[in-house]
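Structure record follows, encoded as structure tokens.
Protein chains in written order, with this note's numbering: chain R, 1200 to 1535; chain L, 11 to 426.
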């Protein structure tokens, strides 16, 4: 931190000012002039929180994607299909058993198994052939999409939110003071907070697993140099299968999350594939912290965009991607 | 996903037409939104189309109708692409297309480049399609979005006592047209529309839109459809929304009322207006509902046909009846057929329909309220039936022309 300030004093100043302004926007009561200019504080706070929680969902999808890419240099364009499949599995389990939590576990296991099959039956046979893998995964995503349309139809499915998660909670953030002097606190949907907390926990667990365990060490070594790692006697194929299963399983969990606070239907697969591509391009291919940062940036851009510049909201995401590609093509947090 | 649904439909039409291979055929191209946000709407439209074929048959004199289906995703370019493919590759002579508002405007403009063919609108409802520079070979047997809102504004103001409302709608021509119809009548009666929010078609995360809803209004009007509507309701429930709601024609519709999950329960008691009401007691409507229910197993349809099924039924019916009047004669650039289509009056399930000089439907409109049937299924209950609704909504054409075309900000909230 201190070194960063010494090396880039101008940037550090900008960052500090930005953080201060943000903190003021979040905690202060907005003066009437500001409210007249950019709308009520409640709307801003909601949009910001929505962006961050949506970022949580994007992170779940993109982290699996970036993990698989980081280790195997394999752009799995069927990742969106895994997301949608996980969502459908979650829906089936939660309507059958009535348990929301169980649907996550089953979705994770089933989609992870699909990932294992994919790795063993497809990717292992064409290791190191990037173009072929890409074409095959595009083909697979089309086949999966058709199979799911056949099985589940074009309907919208929603995973039932458990009753204890429905409705808003009061957050200790002031949005306004009534004329009677009574403070008004922010109301926010509980389910989004829970889901965001869960994705933070998963993110931290993944970071710990990668940086503090033996398996994580092997995976990191594999990211740096696969061949040397294999030469040291590590059963690299087994590691590949494990990582693929984990990445796919995360996409499956994300599907259940997406089905809970949005909805599942044909077409969601490509939407989330696109979202995770944008996220990892912004954050840096193969980097978990990069996926987290990218996810939050894209989530915020979408939500703040939809409130303050609704007409151009869709463009903002891609503008960010273009800017990153132009100024820092390896992504914001990529190591190389 | 496109190929899957197309394959199924192609297969079923193949099975149905298997006996007729020796006859001369009339090829009709059909488009529906079988992809994207409006998938469910397109599927039910095709069910309505199939119901019409079951009821009316596919014979025209000694000729047999052959239907070729193409999928779109509610964007204008997808519709033009599908229509072009049907004409150039499949050599269709007549089109039954399209489903959605923006698609309608694009297909109408495209129709002008093929004056020799006949275009029958399937279900699209933007005002501009038939109101501005209409194509002589484009016929629309359903009302437009503004006509479908007739009666709602007055009912909200006079019976429900709403004085101030805000609207949320998808950002494209059909919803502009719906809000146009609503605002004109509600403000004409003395109400105020304080805020109009527009969201892109295909929005998934409405949380911020919901947060930005004003809370000093009596009701919020929702002009959403398909997946967007379901997502909105789900997130509205999670945010603990409690406002009175009003609904557009594809919001309060079986496509939404029979979606899975319980978010739709927020709609109970919501008032809306549309070209149909699920519980209308008219024998013609009841017969249609029965035919629809008999045509498909309960798991493969809605409890009652959606507005899209009704529109596809009506347009298919008009086309087949007109073809029969001219005995399938398509000579001389289909002149006889076009003439018959312009003059025909059909006894559609949702009331009598005839066309005006712009080949736009004049029909019956319904004000409705959402009710629970006691078993958890939601239906739109008829509150008021308004016959003979024309495209200028009863205004003098000169006055109507001054209001301007439906857009994000037109019409202004005042009495015209």
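All residues carry an ideal CB built from backbone N, CA and C; glycine is no exception.
Is residue i close to chain R? Criterion is C-beta to C-beta, closer than 8 Å.
i, result
"residue 241 of chain L", "yes"
"residue 60 of chain L", "no"
"residue 215 of chain L", "yes"
"residue 290 of chain L", "no"
"residue 88 of chain L", "no"
"residue 319 of chain L", "no"
"residue 270 of chain L", "yes"
"residue 28 of chain L", "Unreliable positioning characterises residue 28 of chain L in this predicted model, as indicated by a pLDDT of 45, which lies under 50. A coordinate reading is not provided."
"residue 210 of chain L", "yes"
"residue 179 of chain L", "no"
"residue 53 of chain L", "yes"
"residue 45 of chain L", "yes"
"residue 218 of chain L", "yes"
Within the same chain, show all residues whose beta-carbon is closer than 6 Å to that of residue i, passing over the 5 residues directly before and after it, in chain order.
i, result
"residue 1361 of chain R", "1299"
"residue 177 of chain L", "189, 206 and 231"
"residue 326 of chain L", "59 and 62"
"residue 1303 of chain R", "1452 and 1455"
"residue 1282 of chain R", "1260, 1450, 1453, 1454 and 1471"
"residue 432 of chain L", "Past the edges of chain L, shown from 11 to 426, lies residue 432 of chain L, and the structure says nothing about it."
"residue 187 of chain L", "136, 137, 154, 155, 156 and 416"
"residue 249 of chain L", "220"
"residue 65 of chain L", "301"
"residue 1370 of chain R", "1385 and 1387"
Distance cutoff 8 Å, beta carbons only. Does residue i sit that close to anything in chain L?
i, result
"residue 1466 of chain R", "yes"
"residue 1307 of chain R", "no"
"residue 1231 of chain R", "no"
"residue 1284 of chain R", "no"
"residue 1512 of chain R", "yes"
"residue 1417 of chain R", "no"
"residue 1375 of chain R", "no"
To the nearest angstrom, how far is the alpha carbon of residue i from that of residue j?
i, j, result
"residue 1350 of chain R", "residue 191 of chain L", "40 Å"
"residue 31 of chain L", "residue 63 of chain L", "Because residue 31 of chain L sits at a pLDDT of 48, beneath the cut-off of 50, its placement in the model cannot be relied upon, and the following sentence gives the value as read from the coordinates. C-alpha separation (whole angstroms): 18 Å."
"residue 235 of chain L", "residue 260 of chain L", "5 Å"
"residue 1460 of chain R", "residue 241 of chain L", "8 Å"
"residue 133 of chain L", "residue 108 of chain L", "6 Å"
"residue 1487 of chain R", "residue 1442 of chain R", "13 Å"
"residue 198 of chain L", "residue 162 of chain L", "12 Å"
"residue 1368 of chain R", "residue 1320 of chain R", "47 Å"
"residue 292 of chain L", "residue 331 of chain L", "22 Å"
"residue 71 of chain L", "residue 339 of chain L", "10 Å"
"residue 174 of chain L", "residue 215 of chain L", "26 Å"
"residue 287 of chain L", "residue 296 of chain L", "11 Å"
"residue 28 of chain L", "residue 306 of chain L", "Bear in mind that the predicted position of residue 28 of chain L carries a pLDDT of just 45, short of 50, making it too unreliable to give a figure here."
"residue 227 of chain L", "residue 147 of chain L", "44 Å"
"residue 1190 of chain R", "residue 144 of chain L", "A question about residue 1190 of chain R goes unanswered here, because the residues of chain R that appear run from 1200 up to 1535."
"residue 1284 of chain R", "residue 265 of chain L", "23 Å"
"residue 211 of chain L", "residue 1466 of chain R", "13 Å"
"residue 54 of chain L", "residue 121 of chain L", "25 Å"
"residue 1477 of chain R", "residue 1433 of chain R", "33 Å"
"residue 1202 of chain R", "residue 1211 of chain R", "10 Å"
With a threshold of 7 Å on Cβ separation, who are the neighbours of residue i within its own chain once the five nearest residues in sequence on each side are excluded?
i, result
"residue 1248 of chain R", "1387"
"residue 1435 of chain R", "1421, 1425, 1428 and 1429"
"residue 100 of chain L", "37, 39 and 78"
"residue 1483 of chain R", "1489, 1529, 1530, 1531, 1532 and 1533"
"residue 350 of chain L", "332, 335 and 336"
"residue 1553 of chain R", "Examination of residue 1553 of chain R is not possible in this model, given that chain R is present from 1200 through 1535 alone."
Under the criterion of a Cβ to heavy atom distance below 7 Å, does residue i qualify as lining the ligand ATP?
i, result
"residue 386 of chain L", "Here there are no bound small molecules, and the ligand ATP is not part of this structure."
If you drop the 5 nearest sequence neighbours on each side, which residues of the same chain put their C-beta closer than 8 Å to that of residue i?
i, result
"residue 412 of chain L", "426"
"residue 1244 of chain R", "1225, 1372, 1374 and 1385"
"residue 1355 of chain R", "1462, 1463 and 1464"
"residue 352 of chain L", "149, 365 and 369"
"residue 1402 of chain R", "1258, 1262, 1487 and 1491"
Query - Segments of 3+ residues assigned as beta strand (DSSP E) that fall wholly inside the segment 364 to 404 of chain L - result: 371 to 382 and 388 to 399, all fully within the segment 364 to 404 of chain L.
Query raised in the report: Taking the runs of the beta strand (DSSP E) that are 3 residues or longer, which of them lie wholly in the segment 1303 to 1380 of chain R?
Result: The DSSP assignment places 1367 to 1376 as complete runs of the beta strand (DSSP E) inside the segment 1303 to 1380 of chain R, in order along the chain (cut-off: 3 residues).
Query - Cβ contact (3+ pairs, closer than 8 Å) linking the segment 1255 to 1268 of chain R and the segment 1423 to 1430 of chain R - result: By the C-beta criterion, the segment 1255 to 1268 of chain R is judged not to be in contact with the segment 1423 to 1430 of chain R, since fewer than 3 inter-stretch pairs fall below 8 Å.
Requested in this report: Report the residue ranges of all beta strand (DSSP E) runs contained in full by the segment 60 to 133 of chain L; include only those spanning at least 3 residues, in chain order.
Outcome: With a minimum length of 3 residues, the continuous beta strand (DSSP E) runs that stay inside the segment 60 to 133 of chain L are 73 to 81, 104 to 106 and 128 to 131.
Report task. Please go through the segment 202 to 249 of chain L and give each complete alpha helix (DSSP H) segment of 4 or more residues, from N-terminal end onward. Result -> Listed in chain order, they are 217 to 221 and 236 to 248.
Query raised in the report: Counting only runs that start and end within the segment 263 to 325 of chain L, where is the beta strand (DSSP E) found for 3 or more residues in a row?
Result: You should have 281 to 284.
Query - 3 or more residues per run - each beta strand (DSSP E) lying fully within the segment 1432 to 1487 of chain R - result: Contiguous beta strand (DSSP E) elements confined to the segment 1432 to 1487 of chain R do not occur, taking only those with 3 or more residues.
Query raised in the report: Is the segment 360 to 371 of chain L close to the segment 380 to 387 of chain L, with three or more CB pairs under 8 Å?
Result: The segment 360 to 371 of chain L vs the segment 380 to 387 of chain L: no contact.
Requested in this report: Could I get the ranges of all uninterrupted beta strand (DSSP E) runs contained in the segment 132 to 191 of chain L, with 3 residues as the minimum, in chain order?
Outcome: Whole beta strand (DSSP E) segments, 3+ residues: 148 to 150 and 174 to 180.
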